[in-house]
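**Student:**
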Amino acid sequence: MTTIALELAPAAPKSGTCCAPLVREAADPAAAADLARSFKALGDPTRVRLLSIVAAHDGGEACVCDLTEPVGLSQPTVSHHLKILVDAGLLAREQRGKWAYYSVVPGSLDRLGALLSEAAR
């Protein structure tokens with residue numbers, strides 16, 4: 001017969017709290033929803049690549065016509081992915097004639113990086 005030893009957790013503090021208190025402000029519901037939309041947009045490897053390709057272009061902007069070949073997808077599919085990135089506030093879109101040009105929204109990547117760094121502290 002095998003005996004199993006159980007290790008008991010220490011008793012909860014008598015003050016009625018079981019966890020350490022917050023030491024800084026947590027994200028409010030609107031900010032959390034906005035942040036989740038950004039992370040959801042970046043949850044697809046194609047969109048991460050597209051964002052990276054746009055950011056790497058000279059001047060920080062790229063025509064949709066320059067984005068289909070690097071990811072190996074059709075123009076409608078690339079446009080769909082770009083729309084999701086625009087809706088998430090990561091890219092901006094400007095129509096010039098028949099072509100759409102995309103650029104990284106200033107500060108959007110810094111904001112995500114700062115939020116991730118803050119969460120890791």
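Under full-length UniProt numbering, read the sequence shown as residues 1 to 121, first letter to last.
Note that beta-carbon positions come from the ideal geometry of N, C-alpha and C, so glycine has one too.
1. With 16 as the cutoff for other CB atoms within 10 Å, does Ser-74 come out buried or exposed?
2. For Glu-69, which of helix, strand or coil comes out of DSSP?
3. Give the single residue among Gly-59, Leu-90, Ser-103, Ala-62 whose Cα lies nearest to the Cα of Gly-113.
4. Go to Ala-41, then tell me how far its alpha helix (DSSP H) extends in each direction, as first and last residue.
5. Look at Ala-88 and Ser-38 and say whether their C-beta atoms are less than 8 angstroms apart.
6. Starting from Leu-85, follow the alpha helix (DSSP H) in both directions and report where the run begins and ends.
7. Given a threshold of 16 other Cβ atoms within 10 Å of its Cβ, counted over all protein chains shown, does Arg-47 qualify as buried or as exposed?
8. Quick one: Cα of Ala-26 to Cα of Arg-111, how far?
9. Tell me which same chain residues have a C-beta within less than 6 angstroms of the C-beta of Thr-2, skipping the five on either side of it?
10. Quick check: what's the CA-CA separation for Glu-94 versus Ser-117?
**Tutor:** By the coordinates alone:
1. Position 74 of the sequence shown, counted from the first residue, corresponds to residue 74. Its Cβ having fewer than 16 others within 10 Å, Ser-74 is exposed.
2. For the purposes of this step, residue 69 is identified with residue 69 of the sequence shown, where counting begins at 1. Note: Glu-69 maps to helix in three-state DSSP.
3. Stepping through the sequence shown from its first residue, residue 113 is reached at position 113. It is Leu-90.
4. Start at 1 with the first residue of the sequence shown, and residue 41 comes out as number 41. Looking at the DSSP string, the run of the alpha helix (DSSP H) that includes Ala-41 is 29-41.
5. Against the sequence shown, residue 88 aligns to sequence position 88. Against the sequence shown, residue 38 aligns to sequence position 38. Yes. Within cutoff.
6. Here residue 85 refers to the residue found at position 85 of the sequence shown. Looking at the DSSP string, the run of the alpha helix (DSSP H) that includes Leu-85 is 75-87.
7. Here the question's residue 47 lines up with position 47 in the sequence shown. Arg-47 comes out buried.
8. Here residue 26 corresponds to residue number 26 of the sequence shown, with the count starting at 1. Here residue 111 corresponds to residue number 111 of the sequence shown, with the count starting at 1. Rounded to the nearest angstrom, the two C-alpha atoms are 15 angstroms apart.
9. Numbered from 1 along the sequence shown, position 2 holds the residue referred to as residue 2. Only weak support is given to the placement of Thr-2: the predicted model assigns it a pLDDT of 48, under 50, and the value that follows is read from those uncertain coordinates. There are no such residues.
10. Translated into positions along the sequence shown, residue 94 becomes position 94. Translated into positions along the sequence shown, residue 117 becomes position 117. Roughly 31 angstroms between the two C-alpha positions.
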